[in-house]
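Just so it is clear: in the sequence shown, position 43 is 117 by the working numbering, and no numbers are missing. To start, the structure under review is shown below, and the notes come after it.
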Amino acid sequence: TGQTYTRPTKSYESYREAFDDHVAHMSEDELRAAMGTAAVIGSILGSIVGSRLAHKVAGNNAVAKTVIQTAGSLLGSTVGSEAGAGLVLNVHQQSRDRISYEERKRVAMERGEPLPEPPKKGWSDLRESLSKTVKNVQSGMEGKSQPRTARGQLFQSAVGALGAAARNAKKM
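Here's what the structure looks like:
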């Protein structure tokens with residue numbers, strides 16, 4: 075009601091240019107909303123993956139299986155949430171870097187100067203970010219003081235088992 079679609083005045087040579095223009099110029103609120111959405115989706119997916127991984131590690135004891143699956147789900151949810159938000163932030167920064175590079179390149183070409191160094195390509199930043207997130211979560215869980223209850227000790231053991239399983243899966 076009252077809002078009409080206005081056709082963009084700028085034309086783009088590729089979908090990437092249009093994407094970068096939109097993502098790089100997101101407001102802080104739009105960026106936070108996108109990060110929040112990605113964090114929720116990442117949390118759900120991480121919870122499922124963590125629970126399934128823990129199920130494979132748990133063994134035959136029904137109580138241990140339930141506790142380990144819960145711990146795996148919690149850990150997976152935390153890592154997935156951080157990874158989702160990190161993905162959005164990473165894509166936003168890469169779009170800003172590409173737009174900045176194109177402007178610096180245009181200015182250098184006009185002046186007859188050497189072209190600037192292009193920004194990083196690919197997902198290496200995201201892999202590094204995900205790896206740091208996993209390490210931070212693991213060290214946070216391992217760095218806590220000794221739990222006072224048997225349940226807390228079992229949870230800490232489950233987290234340690236998940237970390238070992240993740241390291242073993244990474245080696246394969």
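Just so you know, even glycine gets a beta-carbon here, dropped at the ideal spot from N, CA and C.
In three-state terms, what does DSSP make of residue i?
i      : result
Leu119 : helix
Glu202 : helix
Tyr89  : helix
Gly133 : coil
Lys84  : coil
Leu189 : coil
Lys209 : helix
Could you pull the start and end residues of the alpha helix (DSSP H) that residue i belongs to?
i      : result
Ser101 : Where Ser101 is concerned, there is no enclosing alpha helix (DSSP H), given that its DSSP letter is neither H nor E.
Gly154 : Ala136 to Arg185
Alpha carbon to alpha carbon, what distance is there between residue j and residue i?
i      : j      : result
Ala159 : Lys179 : 30 angstroms
Asp95  : Pro193 : 16 angstroms
Val123 : Glu184 : 51 angstroms
Ser125 : Glu102 : 34 angstroms
Lys195 : Asn164 : 12 angstroms
Leu148 : Arg106 : 23 angstroms
Gly249 : Tyr175 : Outside the displayed span of the chain (75 to 246) sits residue 249, for which this structure offers no information.
Ala138 : Tyr86  : 56 angstroms
Glu104 : Arg170 : 15 angstroms
Pro188 : Glu177 : 14 angstroms
Glu202 : Gly146 : 22 angstroms
Going by C-alpha distance, which of the options is nearest residue i?
i      : options                   : result
Ala157 : His99, Gly120 and Arg90   : Gly120
Ala113 : Pro188, Gln168 and Leu161 : Leu161
Ser205 : Val165, Gly154 and Lys195 : Gly154
Ala92  : Val141, Ile173 and His129 : Ile173
Thr152 : His166, Gly116 and His129 : Gly116
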